[in-house]
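Here the protein sequences line up with chains V and R, keeping their order.
Numbered per full-length UniProt numbering, the first sequence finishes at 125, counting up by one with no gaps.
Numbered per full-length UniProt numbering, the second sequence finishes at 138, counting up by one with no gaps.
Beta carbons are placed, not taken as given, at the ideal position from N, Cα and C, and that holds for glycine.
Heads up, the thing below is written out as structure tokens.
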Amino acid sequence: MTQLTSDVDKHTALYVEAFNSGDADAVNAMYTEEAVAVWEPGVALTGKARIDSVKEFLAAGPKMTAVVRQSFVTGDTALLIVDWKIDTTDADGKPEHLTGVGVDVLRLGTDGHWRYAIDDPYGEK
Amino acid sequence: MAITVDIDFDNPDLTDDTDLQNEIFLQVFNSGDGELFDKLYRADAISNFSGEPLTGAARLKFFKEFLASKPSLQATVTHSYVAGDVALIGVQYTIDGIQADGAPLHLEGTCTDVLRRVEDGRWLMAVDRPVAGSLLPE
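Here is the structure:
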């Protein structure tokens with residue numbers, strides 16, 4: 001499943017689809033090679049640690065909804081402000097509801113597809 | 001305020017150093033030179049300083065007008081993430097100045113900045129987005 005798009009307005013919805021399908025490879029394909037993710041506030045993950053973190057998180061079968069609140073799109077770089085919610089289960093199997101306002105930086109690749117360069121889901125305090 | 005940082009006025013570079021980026025940004029802002037300040041932005045960059053997303057000539061016009069009264073900006077970096085040729089920086093800022101009617105101007109908030117390393121290796125602003133108030137009075 002490929003979820004990459006040349007239309008930045010469709011990127012978030014495609015990401016939610018990939019995320020909710022539980023397909024870690026599809027989710028990870030939506031990040032640049034050098035991407036930084038800050039899924040835990042203050043802890044920036046990159047490379048293999050970031051990729052593995054997606055696999056681990058999706059193993060619990062989380063479901064996400066996300067609404068783009070603001071988008072600022074330049075030629076090859078975009079900033080999206082996104083309201084998101086995730087329902088998942090914690091390590092003890094108890095339901096867990098996560099929510100935040102994400103600050104996403106996207107880059108347009110030379111292949112014409114947008115990818116996350118920086119994913120800071122708790123970016124707006 | 002005089003600019004003491006090392007800067008090429010024709011081709012300014014915010015550099016890859018977060019603290020130096022902030023220092024250059026502050027000094028150029030506080031110099032009151034809107035034209036030079038605008039050169040810290042890529043041609044297609046979007047600035048939300050006015051409260052609306054501005055680019056190109058509209059952005060330059062706003063910077064020239066807003067900086068003409070030499071408002072004083074102070075900012076400290078709260079976080080910084082760099083992913084190859086793009087960076088996300090968070091700052092807390094305060095601005096003090098005088099409004100057109102002579103009343104004091106005081107603004108504060110947080111700002112999210114996206115910087116890009118461009119083709120010639122320089123780092124420039126791609127997007128700025130102040131929150132909790134624009135840089136203009138309500």
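For the segment 11 to 26 of chain R, the beta-carbon criterion of a distance under 7 Å to any beta-carbon of chain V is satisfied by none of its residues.
Two segments are said to touch when three or more pairs of C-beta atoms, one from each, lie closer than 8 Å; by this definition the segment 47 to 55 of chain V does not touch the segment 84 to 104 of chain R. Against chain V, the beta carbon of R/Val131 has neighbours under 8 Å at Glu124, listed in chain order. Arg42, Ala43, Asp44, Ala45, Ile46, Asn48, Pro53, Thr55: these are the residues of the segment 36 to 55 of chain R whose beta carbon lies less than 9 Å from some beta carbon of chain V, given in chain order. Its Cα nearest to that of V/Arg69, the residue V/Leu80 stands out among V/Ala37, V/Leu80, V/Pro62, V/Ala60.
In terms of Cα proximity to V/Glu33, the closest of R/Thr4, R/Pro130, R/Asp85, R/Gly121 is R/Asp85.
Boundaries cannot be given for R/Ile7, as no beta strand (DSSP E) includes it and DSSP labels it neither H nor E.
If you check the CB distance, V/Arg107 and V/Thr77 come in under 7 Å. When the beta-carbon positions are compared, R/Ser69 and R/Asp96 stay at least 7 Å from each other. Using a C-beta cut-off of 8 Å, the segment 59 to 67 of chain R makes contact with the segment 26 to 46 of chain R, since at least three inter-stretch Cβ pairs fall below that distance.
Taking 7 Å as the threshold, the shortest C-beta distance from V/Ala37 to chain R does not fall below it.
Chain R has no Cβ within less than 7 Å of the Cβ of V/Val54. Taking 7 Å as the cut-off, the beta carbon of R/Val118 is found no closer than this to the beta carbon of R/Val127. Under DSSP, R/Met125 shares a beta bridge with R/Tyr41, R/Leu115.
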